[in-house]
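Participant: Numbering (the UniProt record's numbering), first residue to last: 1 to 218.
Just so it is clear, CB atoms sit at the ideal spot from N, CA and C, and this is done for glycine as well.
Sharing a structure below in structure tokens format, with a few things to ask.
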């Protein structure tokens with residue numbers, strides 16, 4: 001994912017007829033590489049990064065609400081990954097031909113440490129309440145994936161992340177995961193964010209079989 005800024009916000013409007021047609025044909029099942037681009041609105045990028053910065057060891061929660069408070073200066077001056085913890089949330093948006101569009105994001109209350117985070121019963125209830133509230137607003141956007149942070153150790157998918165994403169794609173496809181690194185973002189002054197999807201298990205086996213068959217011909 002490149003740090004490119006598009007001033008035209010036309011891509012934020014869902015094309016419902018196209019989405020319905022794609023849901024019927026599901027071209028991503030025939031071609032696991034179907035989605036080639038991910039577009040993220042400025043709002044969604046800010047929401048994810050602000051949430052990721054709440055994982056700073058200098059951030060404290062007040063009134064037990066889970067809403068973090070910190071000074072911008074303290075977070076900005078802290079490039080070290082030590083004692084940061086991961087955060088997680090869900091993304092709202094839509095999709096079109098070859099691309100997925102993230103328009104906004106919301107944080108989830110999860111169990112978290114420096115190297116992992118996972119949903120709990122409170123997370124599930126909060127997620128359902130938020131999505132129901134979102135739908136009552138009449139929006140045409142839906143939940144399109146999840147995000148989490150890797151504070152200080154770059155943007156990639158761990159084995160656990162891959163399993164989580166595969167489950168999401170199986171149940172909710174099209175489904176996307178974005179990883180953000182707030183520590184590297186603060187250190188470099190450049191948004192550190194990457195988007196991922198996973199291959200189905202049979203795709204890897206098919207590719208290996210094709211490779212072996214091709215090698216056998218030489």
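Would you call residue 107 buried or exposed, if buried means 16 or more other Cβ atoms sit within 10 Å of its Cβ?
Facilitator: Residue mapping note: residue 107 aligns to position 107 of the chain shown, counting from 1. Classification for residue 107: buried.
Participant: Determine the direct distance from the alpha carbon of residue 28 to that of residue 93, and round the result to whole angstroms.
Facilitator: By 1-based counting over the chain shown, the position of residue 93 is 93. By 1-based counting over the chain shown, the position of residue 28 is 28. Going from the Cα of residue 93 to the Cα of residue 28 covers about 17 Å.
Participant: Hey, how far is the Cα of residue 145 from the Cα of residue 40?
Facilitator: Along the chain shown, one-based indexing puts residue 145 at 145. Along the chain shown, one-based indexing puts residue 40 at 40. Cα to Cα, the separation comes out at about 12 Å.
Participant: Quick check: the Cα distance between residue 203 and residue 32, rounded to an integer number of angstroms?
Facilitator: For the purposes of this step, residue 203 is identified with residue 203 of the chain shown, where counting begins at 1. For the purposes of this step, residue 32 is identified with residue 32 of the chain shown, where counting begins at 1. The alpha-carbon atoms of residue 203 and residue 32 are separated by roughly 8 Å.
Participant: I need the boundaries of the alpha helix (DSSP H) containing residue 23, first residue and last residue.
Facilitator: Start at 1 with the first residue of the chain shown, and residue 23 comes out as number 23. Residues 16-25.
Participant: Can you tell me where the alpha helix (DSSP H) holding residue 184 begins and where it ends?
Facilitator: By one-based count along the chain shown, residue 184 stands at place 184. Residue 184 -> alpha helix (DSSP H) spans 182-188.
Participant: Determine which residues share a DSSP beta bridge with residue 104 and list them.
Facilitator: Taking the first residue of the chain shown as position 1, residue 104 is located at position 104. The partner list for residue 104 (beta bridge, DSSP) reads 92.
Participant: Between residue 84 and residue 55, what straight-line distance do the alpha-carbon atoms span, to the nearest angstrom?
Facilitator: As a first step, residue 84 is located in the chain shown; it is residue number 84 there, counting from the start. As a first step, residue 55 is located in the chain shown; it is residue number 55 there, counting from the start. Near 5 Å, if we compare the C-alpha coordinates of residue 55 and residue 84.
Participant: Please state the DSSP three-state secondary structure of residue 11.
Facilitator: Mapped onto the chain shown, residue 11 falls at position 11. In this structure, residue 11 counts as helix in the three-state DSSP scheme.
Participant: Report the start-end ranges of each beta strand (DSSP E) in the stretch 132-189 that is 3 residues or longer and not cut off at the edges.
Facilitator: List check, beta strand (DSSP E) in window: 142-149 and 176-180.
Participant: At the level of alpha carbons, what is the spacing between residue 13 and residue 142?
Facilitator: Within the chain shown, the letter at position 13 stands for residue 13. Within the chain shown, the letter at position 142 stands for residue 142. Their backbone Cα atoms lie some 12 Å apart in a straight line.
Participant: Using C-beta distances below 6 Å, list every residue in its chain close to residue 34, excluding the 5 sequence neighbours before and after it, in chain order.
Facilitator: Indexing the chain shown from 1 puts residue 34 at position 34. Within the same chain, residue 34 has close Cβ partners 27 and 28.
Participant: Starting from residue 40, trace the alpha helix (DSSP H) both ways and give me its first and last residue.
Facilitator: Walking along the chain shown from the start, residue 40 turns up at place 40. Premise fails: residue 40 lies in the beta strand (DSSP E), 37-40, not in any alpha helix (DSSP H).
Participant: What does a CB cutoff of less than 8 Å around residue 16 pick up in its chain, not counting 5 residues either side in sequence?
Facilitator: Here residue 16 refers to the residue found at position 16 when the chain shown is read from its first residue. For residue 16, where only same-chain residues beyond five positions count, the Cβ hits under 8 Å are 140.
Participant: Per DSSP, residue 195 forms a beta bridge with which residues?
Facilitator: Along the chain shown, one-based indexing puts residue 195 at 195. Note: residue 195 sits in a beta bridge opposite 178.
Participant: Which term fits residue 53, buried or exposed, when burial requires 16 or more other beta carbons within 10 angstroms of its beta carbon?
Facilitator: Residue numbering aside, residue 53 sits at position 53 when the chain shown is read from its first letter. It counts as buried.
Participant: Just grab the DSSP bridge partners of residue 201 for me.
Facilitator: Locating residue 201 in the chain shown gives position 201, counting from the first residue. Answer is none; residue 201 lacks a bridge partner.
Participant: Are residue 200 and residue 151 touching if we call contact CB-CB under 9 Å?
Facilitator: In the chain shown, residue 200 corresponds to position 200, counting from 1. In the chain shown, residue 151 corresponds to position 151, counting from 1. Going by C-beta atoms, residue 200 is not nearer than 9 Å to residue 151.
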